[in-house]
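Presented below is the structure to which this report refers.
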Amino acid sequence: MRKIREVIVVEGRYDKNALSQVVDATIITLGGFSVFNDREKLAFLRRLADKQGLIVLTDSDGAGFVIRNYLKGALLPGKVKQAYIPDVYGKERRKRHAGKEGKLGVEGMRPDVLLEVLRKAGATFEDETAPTDTGKTPITKADLVLLGLSGGQDSAARRQALLKKLDLPEHLTANGLLEALNLLYSVEELTTILNKDL
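Under this note's numbering, the first residue of the sequence shown is numbered 1, with each subsequent residue one higher.
What follows is the structure in structure tokens.
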């Protein structure tokens, strides 16, 4: 079991149960949309983010992104990392029917997938040495425009194709995409992917 320094925030108890079998970390449940009206929990999350850092890990459906976007606006950006599970269609074992969008949530992800999304989000694994600065130039909004992923006639379709190719959730906003790309790729690597595959 891998130990993670940051506090991980998930939507509900089943997500917490699945994640606690994979990592040794403090895992806080939000109780779904109830976090919108819970000022004490939000204040608690702010303190945790300031002290240890937070990783937000919600489902990749629309509801998960509503919660994620709310937290983005309510918490200090420099203290919060975003972990995105891929869009995988199916239903969790405990449920009779698939969710509204037919996607698996955090609780339905395989342990190796959960570890990988946490690694991609920049989680601090206590048993590893800290990553050194790669020196890569960050991808900017201007780069997204130049690469045809924003502001152009077919940019929405190109963005969706890229999200699918990179196994990122379809509900990712342009800002969320920018954040995820900066965690994973350099401008050169992204350009190569776009030129080769899209």
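Quick reminder that beta carbons are idealized off the backbone N, C-alpha and C, glycines included.
In this text, all values refer to a predicted model and were calculated from it rather than measured experimentally.
Residue range of the alpha helix (DSSP H) that includes residue i
{"i": "Leu54", "result": "Premise fails: Leu54 lies in the beta strand (DSSP E), Leu54 to Thr58, not in any alpha helix (DSSP H)."}
{"i": "Lys91", "result": "Neither: Lys91 is in no alpha helix (DSSP H) and is coded neither H nor E."}
{"i": "Lys72", "result": "Gly62 to Ala74"}
{"i": "Val7", "result": "No alpha helix (DSSP H) holds Val7; the beta strand (DSSP E) holding it covers Val7 to Val10."}
{"i": "Lys164", "result": "Ser155 to Lys165"}
{"i": "Pro111", "result": "Pro111 to Lys120"}
{"i": "Lys232", "result": "As shown, the chain starts at 1 and ends at 198. That puts residue 232 outside it, with no answer to give."}
{"i": "Gly176", "result": "Ala174 to Leu184"}
{"i": "Asp50", "result": "Arg39 to Lys51"}
{"i": "Val145", "result": "Lys141 to Leu146"}
Nonlocal neighbours in the same chain, by C-beta distance under 6 Å from residue i, ignoring five residues either side
{"i": "Leu194", "result": "Leu147"}
{"i": "Pro86", "result": "Asp167"}
{"i": "Ile67", "result": "Thr58"}
{"i": "Tyr14", "result": "Glu107"}
{"i": "Phe65", "result": "His171"}
Residues of its chain near residue i, where Cβ-Cβ distance is below 7 Å and the 5 sequence neighbours each way are ignored
{"i": "Leu62", "result": "Note that residue 62 is Gly in the sequence shown, not Leu. Correct list, in chain order: Glu101 and His171."}
{"i": "Lys141", "result": "Ser150 and Leu178"}
{"i": "Lys41", "result": "Val35"}
{"i": "Gly214", "result": "Lying before the first or after the last residue shown, residue 214 is absent from the chain, which here runs from 1 to 198."}
{"i": "Ile27", "result": "Ile8, Val10, Lys16, Leu19 and Ser20"}
{"i": "Ala49", "result": "Leu75, Leu76, Lys79 and Val80"}
Same chain, Cβ closer than 8 Å to residue i, neighbours up to 5 away in sequence not counted
{"i": "Leu184", "result": "Lys120 and Leu166"}
{"i": "Asp24", "result": "Met1, Arg2, Lys3 and Ile4"}
Residues bridged to residue i [DSSP beta-bridge criterion]
{"i": "Gln82", "result": "Val56"}
{"i": "Arg2", "result": "Val23"}
{"i": "Lys103", "result": "Tyr89"}
{"i": "Phe125", "result": "Ile4"}
{"i": "Ile28", "result": "Val9"}
Option nearest residue i by Cα separation, candidates the options
{"i": "Asp143", "options": "Glu189, Pro111 and Asp127", "result": "Glu189"}
{"i": "Val145", "options": "Val9, Asn175 and Glu107", "result": "Asn175"}
{"i": "Thr137", "options": "Met109, Val187, Leu104 and Ile67", "result": "Val187"}
{"i": "Lys7", "options": "Lys196, Ala161, Arg159 and Phe125", "result": "According to the sequence provided, residue 7 is Val. The question's Lys does not apply to it. Nearest of Lys196, Ala161, Arg159 and Phe125 to Val7, Cα basis: Phe125."}
{"i": "Gln82", "options": "Thr192, Thr191 and Thr173", "result": "Thr173"}
{"i": "Arg110", "options": "Arg13, Val22, Phe44 and Lys41", "result": "Val22"}
{"i": "Tyr89", "options": "Glu40, Val80, Leu75 and Gly105", "result": "Gly105"}
{"i": "Gly78", "options": "Thr191, Arg46, Glu116 and Leu163", "result": "Arg46"}
{"i": "Ala43", "options": "Ala74, Leu114 and Gly64", "result": "Ala74"}
{"i": "Ala161", "options": "Glu128, Tyr70 and Lys196", "result": "Lys196"}
Residue i Cβ short of 7 Å to the ligand ADP heavy atom set
{"i": "Gly78", "result": "As for the ligand ADP, it is missing from this structure, which has no ligand bound."}
- Indicate whether the contact test is met: 3 or more Cβ pairs, each with one atom in the segment 92–100 and one in the segment 1–12, closer than 8 Å. The segment 92–100 vs the segment 1–12: no contact.
- prompt: Per the contact definition of three or more C-beta pairs closer than 8 Å, is the segment 23–38 in contact with the segment 151–162?
  reply: Contact fails: fewer than three Cβ-Cβ distances are below 8 Å.
Inter-stretch contact at 8 Å, needing at least 3 Cβ pairs: the segment 11–22 / the segment 40–54 | Contact fails between the segment 11–22 and the segment 40–54, because fewer than three Cβ pairs, one in each stretch, are under 8 Å apart.
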